[in-house]
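Asks:
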């Protein structure tokens, strides 16, 4: 492969290394190469340069690393799968790169190496990317898993060379279409051909999706005996165990952290330790996360909140208030930040017995929450502060609003359950949240039923009322759009209804760009909307 | 005290290994200019020493419970290409027959390429040292499933004590390579409980088989 027409991006914080790598890349034929010294520059260059290849050093300074960068840009789909990512590591970080769970580099190269070796690796990885392009094409920002699967099948019959890579992609695509039984059979087939860690974990994941969690658990335990540092196996195992035994899940997470000290896992460990009332462990975990990243790029408000709350629970009011102050200094001002700080402060004062200060802080939080639409986690923080101040009814009203908006989001519902549990209302929370979830499902089902039986106007009225109230619920917004489109489909175009349907689809994208029904409703919109209707491609 | 000394030894080995790897890279760059036999020989020496130190360090880590394999999919044709490049030019009048049909057919396999490559390089160098003129390197699927690499030569074969498992060291070697190969073969495992292994035989020339599950 001729590298002369290819565009590269080199990310390396050390000046000497950067110059030397730049020279090696030029020798290899990669003449068009942008350079970035840190993650901020890398994100910026990535948008501008649209590279075919990223060469990134693992250690990027300021407590950040190339793996964090890779995970962030792949998750946000800022780095298309067709772009190759080559990680350069020293021996010390080699294990961490090679065992990365979800987003792995396309290849990694151990220092030191010659320009020849670098060229060989680049050529190989670009050859593979080119061969798999027909699949990646459908796995980008406008994904079409059906078409991607069809491309897998086509390539499998034609291509012996990258068969295992294609099988791996196929295994990732099947569950995204809800075809879990097929995914299970697929992974079982792969495992008869060769034992490879990702296939073991894929098989276990399919078992979980099919509600066969006990089997998944024992498979993962066996997988970890064979591959004791395969992090994806720890992650899935901890996830399964956490449903029934949070303290065992915490232990699994501790083991995973011994393999590789990742920020995300330390964070999850902190959350588990909080639930297990292991507050000193939680404090240590959150403190580590907050202190580690000195670039500020991967900081999350949640980390500071976790640190503050673990201190509150141990009666360390001064430390808690310091963490809350630190939270304010680490992010730019916003209503959410203000509400969250006030809610946390209120909890700290309440725990310390200072009811007047607790009440004053809570009032500040509630004022913001009435004026601005808060995100789910901030709203839950405010509701926890309500509980701390003995104001359960306001707490529950806030939780209900969050749960109705996010009834499909298990992570948010689990957090809501956590707020109930922290207030000593575990059982009541379970019933409350279950009822909310059922009510939302019923609302959707009733409306869809009405629309199907011909009463579209009534369905539209129900769904648009709900969609206007619950702006973060993607499913409701999509069903509202669907009902409007069905009306248009039957009765002909109506510019008001078209505009509304368009708005609800945008609202759904805003709430959850990965919602499984989004593709279907968008296609229906494109089918029934007249040529002068607002286009969806611009989204 | 013993622990302290062990740690010092490990640190010293680590430093020496890194220095040699660096020298190896520099020499490799020099070798890109008009080739000289001296350069190639020096390279062969440094990569052999770096390899041996890495093997020693790996055994040391294993003893302390610190050895972790990095199992990942590797393209077998690429792996064999890399292996032969690292082996470097053969001594004069030596022939290496490499059977790679199975590699093309299998495509990829999951294993620790870094450690397996070291073991195979050591076996190949050993075979080149003892062969009269020919070394055969092949790869095939093992009868009970798994992947089998074989290095065979037309030399006098292994000493009886090594074949009988009474010793790993021959009069010309430390036995490090064989201990290392056995260790990393054994550490390759599957969730079904299969492990890798090393089998030695005289055919009558020496045959070294490393099987990965």
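Residue numbers (our numbering), protein chains in the order written: chain A, 1436 to 1974; chain B, 68 to 280.
The beta carbon of each residue, even a glycine, is placed where N, CA and C say it ideally should be.
1. Assuming contact is defined by CB atoms lying nearer than 8 angstroms, are residue 1898/A and residue 1909/A in contact in what I supplied?
2. Per DSSP, which residues does residue 268/B bridge with? Please list them.
3. What does the alpha-carbon distance come out to for the pair residue 1441/A and residue 1521/A?
4. Count the other C-beta atoms from every protein chain shown that fall within 10 angstroms of the C-beta of residue 1793/A, then say buried if there are 16 or more, exposed otherwise.
5. Please return the same chain residues whose Cβ sits closer than 6 angstroms to the Cβ of residue 1615/A, not counting the five positions on each side in sequence.
6. Work out the CA separation of residue 1856/A and residue 1828/A for me, nearest whole Å.
7. Kindly give me the distance between the Cβ atoms of residue 1818/A and residue 1833/A, rounded to whole angstroms, as I take these residues to be in contact under 8 angstroms.
8. Pull the bridge partners of residue 161/B from the DSSP assignment, please.
9. At a Cβ threshold of 8 angstroms, is residue 1697/A touching chain B?
10. Near residue 88/B, what residues of its chain come up, given a Cβ to Cβ distance below 6 angstroms and the 5 sequence neighbours on each side ignored?
11. At a cut of 8 angstroms, does the segment 1953-1966 of chain A reach the segment 1932-1942 of chain A through at least three beta carbon pairs?
12. Would you mind working out which of 227/B, 264/B and 140/B sits nearest residue 178/B, comparing C-alpha positions?
13. Is residue 1850/A buried or exposed, if buried means 16 or more other CB atoms sit within 10 Å of its CB?
14. Count the other CB atoms within 10 Å of the CB of residue 1957/A; is the residue buried (16 or more) or exposed (fewer)?
15. Check the Cβ of residue 89/B against every Cβ in chain A and list those closer than 8 angstroms, keeping chain order.
16. Report yes if the C-beta distance between residue 1748/A and residue 1721/A is below 8 angstroms; otherwise report no.
17. Which residue's Cα is closest to the Cα of residue 1582/A: 1598/A, 1507/A, 1605/A and 1592/A?
18. Tell me, please, whether the CB atom of residue 80/B is closer than 8 angstroms to any CB atom in chain A?
19. If the criterion is Cβ atoms closer than 8 angstroms, does the pair residue 1685/A and residue 1708/A meet it?
20. Starting from the N-terminal side, write out each stretch of the alpha helix (DSSP H) that is 4 residues or longer and does not extend beyond the segment 1878-1913 of chain A.
21. Roughly how many angstroms separate the alpha carbons of residue 161/B and residue 199/B, rounded to a whole number?
22. Would you check if the segment 1770-1781 of chain A and the segment 1800-1818 of chain A touch, i.e. whether three or more CB-CB distances between them fall below 8 angstroms?
23. List the residues of chain A whose Cβ lies closer than 7 angstroms to the Cβ of residue 169/B, in chain order.
24. Do we get a CB-CB distance below 8 angstroms when we pair residue 1657/A with the residues of chain B?
25. To the nearest whole angstrom, what separates the beta carbons of residue 1463/A and residue 1550/A, a pair I think is in contact under 8 angstroms?
26. Hey, does residue 1660/A have any beta-carbon neighbour from chain B nearer than 8 angstroms?
27. What does DSSP give as the partner residues of residue 142/B in its beta bridges?
28. Use the C-beta contact count for residue 1911/A: other C-beta atoms within 10 angstroms, 16 or more gives buried, fewer gives exposed.
29. Under 8 angstroms between the Cβ atoms of residue 1537/A and residue 1506/A?
30. Report the residue from 142/B, 133/B and 150/B whose alpha carbon sits nearest the alpha carbon of residue 1559/A.
31. So, helix, strand or coil for residue 1973/A, using DSSP?
32. Output, in chain order, the set of chain B residues within a Cβ distance shorter than 9 angstroms of residue 1595/A.
33. Under 8 angstroms, with one C-beta from each stretch per pair, do the segment 1685-1695 of chain A and the segment 1658-1674 of chain A reach the 3-pair mark?
34. Quick one: using the 10 Å Cβ neighbour count with 16 as the cut-off for buried, is residue 1876/A buried or exposed?
35. When the distance is taken between beta carbons, is residue 1902/A closer than 8 angstroms to residue 1886/A?
36. Report back the beta-carbon spacing between residue 169/B and residue 120/B to the nearest angstrom; my notes put them in contact at under 8 angstroms.
Replies: Here's the rundown:
1. Start at 1 with the first residue of the first chain, and residue 1898/A comes out as number 463. Start at 1 with the first residue of the first chain, and residue 1909/A comes out as number 474. In this structure, residue 1909/A does not lie closer than 8 angstroms to residue 1898/A by Cβ.
2. Translated into the one-based positions of the second chain, residue 268/B becomes position 201. DSSP lists 274/B as partners of residue 268/B.
3. For this step, residue 1441/A is matched to residue 6 along the first chain. For this step, residue 1521/A is matched to residue 86 along the first chain. Whole-angstrom Cα-Cα distance: 14 angstroms.
4. The residue labelled residue 1793/A in the question sits at position 358 within the first chain. Flag for residue 1793/A reads buried.
5. By one-based count along the first chain, residue 1615/A stands at place 180. Hits under 6 angstroms: 1641, 1644 and 1645.
6. Along the first chain, read from residue 1 onward, the residue named residue 1828/A stands at position 393. Along the first chain, read from residue 1 onward, the residue named residue 1856/A stands at position 421. Roughly 16 angstroms separates the two Cα atoms.
7. Looking up residue 1818/A in the first chain gives position 383. Looking up residue 1833/A in the first chain gives position 398. Yes, residue 1818/A and residue 1833/A are in contact; Cβ-Cβ is about 4 angstroms, under 8 angstroms.
8. Taking the first residue of the second chain as position 1, residue 161/B is located at position 94. In DSSP, residue 161/B forms no bridge with anything.
9. Reading the first chain from its first residue, position 262 is the one you call residue 1697/A. Closer than 8 angstroms: no.
10. Here residue 88/B corresponds to residue number 21 of the second chain, with the count starting at 1. Excluding residues within five positions, the ones whose Cβ falls inside 6 angstroms are 117.
11. yes
12. Residue 178/B sits at position 111 when you count from the first residue of the second chain. Nearest option by C-alpha distance: 140/B.
13. Counting from 1 along the first chain, the entry for residue 1850/A is found at position 415. So residue 1850/A ends up on the buried side.
14. Residue numbering aside, residue 1957/A sits at position 522 when the first chain is read from its first letter. Residue 1957/A comes out buried.
15. Numbered from 1 along the second chain, position 22 holds the residue referred to as residue 89/B. Correct list: 1547.
16. Start at 1 with the first residue of the first chain, and residue 1748/A comes out as number 313. Start at 1 with the first residue of the first chain, and residue 1721/A comes out as number 286. In this structure, residue 1721/A does not lie closer than 8 angstroms to residue 1748/A by Cβ.
17. For the purposes of this step, residue 1582/A is taken as the residue at position 147 of the first chain. The option with the nearest alpha carbon to residue 1582/A is 1605/A.
18. Numbered from 1 along the second chain, position 13 holds the residue referred to as residue 80/B. So, not an interface residue.
19. One-based indexing of the first chain puts residue 1685/A at position 250. One-based indexing of the first chain puts residue 1708/A at position 273. Their beta carbons are under 8 angstroms apart, which means residue 1685/A touches residue 1708/A by this criterion.
20. 1891-1904
21. Counting from 1 along the second chain, the entry for residue 161/B is found at position 94. Counting from 1 along the second chain, the entry for residue 199/B is found at position 132. Each residue's alpha carbon lies about 8 angstroms from the other.
22. yes
23. The residue given as residue 169/B occupies position 102 in the second chain. Within 7 angstroms Cβ-Cβ: nothing; residue 169/B doesn't reach chain A, min ~12 angstroms.
24. Numbered from its first residue, the first chain carries residue 1657/A at position 222. Yes - at least one Cβ of chain B is within 8 angstroms of the one on residue 1657/A.
25. In the first chain, residue 1463/A corresponds to position 28, counting from 1. In the first chain, residue 1550/A corresponds to position 115, counting from 1. With a Cβ gap of about 6 angstroms, residue 1463/A and residue 1550/A count as contacting.
26. Residue mapping note: residue 1660/A aligns to position 225 of the first chain, counting from 1. Yes, residue 1660/A counts as interfacial toward chain B.
27. One-based indexing of the second chain puts residue 142/B at position 75. The partner list for residue 142/B (beta bridge, DSSP) reads 175/B.
28. Numbered from its first residue, the first chain carries residue 1911/A at position 476. Buried, because 16 or more other Cβ atoms sit within 10 Å of the Cβ of residue 1911/A.
29. Here residue 1537/A refers to the residue found at position 102 of the first chain. Here residue 1506/A refers to the residue found at position 71 of the first chain. Yes. Within cutoff.
30. The sequence position of residue 1559/A within the first chain is 124, counting from 1. Residue 1559/A has its Cα closest to that of 142/B, out of 142/B, 133/B and 150/B.
31. What you label residue 1973/A is simply residue 538 of the first chain in a count that begins at 1. For residue 1973/A, the predicted model reports a pLDDT of 44, less than 50, meaning its position is unreliable; a value from the coordinates is still stated below. Reduced to three states, the DSSP call for residue 1973/A is coil.
32. Taking the first residue of the first chain as 1, we reach residue 1595/A at position 160. Per Cβ cutoff of 9 angstroms: 171, 172 and 174.
33. yes
34. Numbered from 1 along the first chain, position 441 holds the residue referred to as residue 1876/A. The residue in question, residue 1876/A, is exposed, as its Cβ has fewer than 16 Cβ neighbours within 10 Å.
35. In the first chain, the residue the question calls residue 1886/A occupies position 451. In the first chain, the residue the question calls residue 1902/A occupies position 467. It is not a contact, given that the beta carbons lie outside the stated cut-off.
36. Walking along the second chain from the start, residue 169/B turns up at place 102. Walking along the second chain from the start, residue 120/B turns up at place 53. With 8 angstroms as the limit, residue 169/B and residue 120/B do not qualify as a contact, their Cβ atoms being about 32 angstroms apart.
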